[in-house]
């Protein structure tokens, strides 16, 4: 089955170029040329991945990303394409739900590699066998690996792919402390280059989402100078 990708880019030449690149890799491609058009697309279809430009007419990329995550409660991987390369811009986008950030100009090979990595993370499934659990429980959290579903006090969380993977790692080994480097290598599946901000932002977002449904319990503990682990009971 082909993966269906949505390109959201108002520059017609760039949108069409990306379409050709992706079709050559055997992806099914849909196009939107404004934030409003992309939002309407989500009313009828859910793509497997979104390539999202920020400077869009009608609705900005940031507004569309917020709508996808908060209003439509959709955890489809979103890769941002932007000429902005400042760290604060990247951190802001990651904090509102982007899964990756590609700075323009870019090479086609980089885009393809990042798409493939995001799709691998998104469609990674857990085989059901005697050594695997159907559900992991910790305090008021329940994580269902086979469904890629997480609930807190019986309310389902809307998590990005990477937020889910971080929680999945922690809940499988509740006593283990994961360094930021180790988390990055396991979740992003690429080399670590001192990008503490990336890991910190995703953990912060995960904490906030859990806190919305459980104000009293602490779930993720920071271990000074090392990284993160599940908070002790």
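In the numbering used here, the protein residues as written are 164 to 396.
We treat Cβ as the ideally placed atom computed from N, Cα and C, and that holds for glycine.
Here the structure is a predicted model, which is why all the values come from computation and not from measurement.
| Query | Result |
| --- | --- |
| Once DSSP output is grouped into helix, strand and coil, what is the label at residue 293? | Note on residue 293: pLDDT 37, under 50, position unreliable in the model; no value is reported. |
| For residue 182 and residue 235, I'd like the C-alpha separation in whole angstroms. | 25 Å |
| Compute the distance between the beta-carbons of residue 324 and residue 370, then report whether it is under 8 Å. | no |
| To test your reading of the DSSP string, which unbroken alpha helix (DSSP H) runs of 4 or more residues are found completely within the region 308 to 377? | 324 to 335, 343 to 351, 359 to 376 |
| Taking residue 198 as the reference, give the member of 185, 207, 221 with the closest Cα. | 221 |
| Could you say which of 215, 328, 302 lies nearest to residue 274 if we only look at CA atoms? | 215 |
| Along the chain, which unbroken stretches of the alpha helix (DSSP H) at least 4 residues long are found entirely within the region 178 to 243? | 198 to 207, 224 to 229 |
| Closer than 8 Å by C-beta to residue 173: which residues in its own chain qualify, once you throw out the five before and the five after it? Chain order, please. | 196, 197, 216, 218, 219, 220 |
| Just how far apart, CA to CA, sit residue 322 and residue 187? | 31 Å |
| If you draw a straight line from the C-alpha of residue 165 to the C-alpha of residue 193, how long is it? | 13 Å |
| Applying the criterion that 16 or more other CB atoms from any shown protein chain within 10 Å of the CB defines a buried residue, is residue 326 buried or exposed? | buried |
| Cβ of residue 227 within 8 Å of Cβ of residue 245? | no |
| With the cut-off set at 8 Å, would you say residue 257 and residue 365 are in Cβ contact? | yes |
| Using only the alpha-carbon positions, how far apart do residue 318 and residue 374 sit? | 12 Å |
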